[in-house]
Amino acid sequence: MKRQIVSDSSCDIHTLEGASFSSTALRILTDTREFIDDANLSIHELLETLKTTNKPSSTACPSIGAWLQSFNDADEVFVTTITSALSGSWNSAVVAAKEYMYTFPGRKVHVFDSLSTGPELVLMVEKIRDLVKQELPFEAIVETIKRYQNSLHLTFMLSSIRNLARNGRVNKVEAAAVGMLGIRLVGKASDKGELELLSKSRGEKAGIRELAKQIQALGCSGAKIAISHCNNEKGVQKLCGVLRAEYPHCEIQVRNTGGLCSYYAEEGGILVGFECA
Ligand code: X90
């Protein structure tokens, strides 16, 4: 029996060691170009292109056809998507799943709405991989992941929410913070899968401190933390210093944001997914 783990490209990874994994690309559209968020995308080129234009840009979720292809002819498919509160990705995947099961009776697809993005998706797909390795039945995996999801949080620190605001992904109060120079916005993915602002800090140092504080306040268990950042090695280093002191036995993964998260988190943005007790 063939099993496939699939996520949309908001999860920042294109391969998953020890699993048959596929990432389904979202797209980033500028006035002159279309960037496909796959393994070939140069994040540098994407960010440079965005810097040189003041014209509107946007993103697009995977098509039903793209999802169907990524299911890779498997008998059982576990799909994770970016929050359905901010993207049509989940909806598109659900339609694809229905079509797939109709076309191939007996095959199974479950689509998890992460209510989050980036590193929280990484934690989810890695947990699915572990359960697949244990050869648990399909339904048991689905139930275990639903419970696991309840123990996860995503926090972030952003220096700009220009792209979120211009694409209508933040509310008016939050959009008012656009263009505040030197301000770091710290927030989390809400229970509904929306962007929730928790505080504004003056400067990077205070922002990182605040981010670490929120991670602790939300009940981080200190077992496993996944971090994605958009060109902010320095900030991540500082954050890891604080986290390692607080959680000496924690597994901390650090990676760069992929195309979709780089577009919305923007230069300097840090996303942190973690398990809670
Ligand atoms: O369908 C599409 O075009 C994709 C739209 C995605 C919009 C939101 C992306 C957020 C990326 C920004 C900071 C973390 C926010 C977490 C809220 C759940 C990352």
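With numbering that gives the first Met the number 0, the residue at position 163 of the sequence shown is 162, and numbering never jumps.
Every residue, glycine too, gets a C-beta built ideally from N, C-alpha and C.
Nothing here was measured: the structure is a model prediction, and the numbers come from that model.
Where the alpha helix (DSSP H) through residue i begins and ends
| i | result |
| --- | --- |
| Phe-70 | Segment: none, Phe-70 is in no alpha helix (DSSP H) and carries neither H nor E. |
| Thr-48 | 42-50 |
| Gly-234 | 232-245 |
| Met-123 | 118-132 |
| Val-177 | Careful: Val-177 lies outside any alpha helix (DSSP H) and carries neither H nor E. |
| Met-100 | 88-102 |
Limits of the unbroken beta strand (DSSP E) element including residue i
| i | result |
| --- | --- |
| Val-108 | 107-112 |
| Lys-199 | 194-201 |
| Ala-264 | No beta strand (DSSP E) contains Ala-264, which is instead part of the alpha helix (DSSP H) from 258-264. |
| Phe-273 | 269-275 |
| Lys-187 | 182-188 |
| Glu-33 | 33-35 |
| Ala-277 | Residue 277 cannot be examined here, being either before or after the span of the chain that is shown, 0 to 276. |
Environment of residue i [buried if 16+ CB atoms lie within 10 Å]
| i | result |
| --- | --- |
| Thr-102 | exposed |
| Gly-105 | exposed |
| Gly-17 | exposed |
| Asp-278 | Nothing about residue 278 can be reported from this structure: the residues present for the chain run from 0 to 276 only. |
| Asp-30 | exposed |
| Pro-118 | buried |
| Asn-170 | exposed |
| Val-271 | buried |
| Thr-52 | exposed |
| Asn-231 | buried |
| Thr-14 | exposed |
| Val-172 | exposed |
| His-43 | exposed |
| Glu-209 | buried |
| Leu-151 | buried |
| Leu-180 | exposed |
Identified DSSP bridge partners for residue i
| i | result |
| --- | --- |
| Arg-161 | According to DSSP, which records beta bridges pairwise, Arg-161 is partnered with nothing at all. |
| Thr-23 | Asp-7 |
| Leu-151 | Glu-274 |
| Gln-252 | Ala-225 |
| Val-78 | Val-5, Val-110 |
| Met-278 | For the chain, the structure presents residues 0 to 276; residue 278 sits outside this window and is missing. |
| Leu-28 | Glu-33, Ser-57 |
Whole-angstrom C-beta distance between residue j and residue i, which should lie under 8 Å
| i | j | result |
| --- | --- | --- |
| Leu-163 | Leu-194 | 7 Å |
| Leu-25 | Ser-8 | 5 Å |
| Phe-137 | Glu-75 | 5 Å |
| Ile-127 | Phe-77 | 5 Å |
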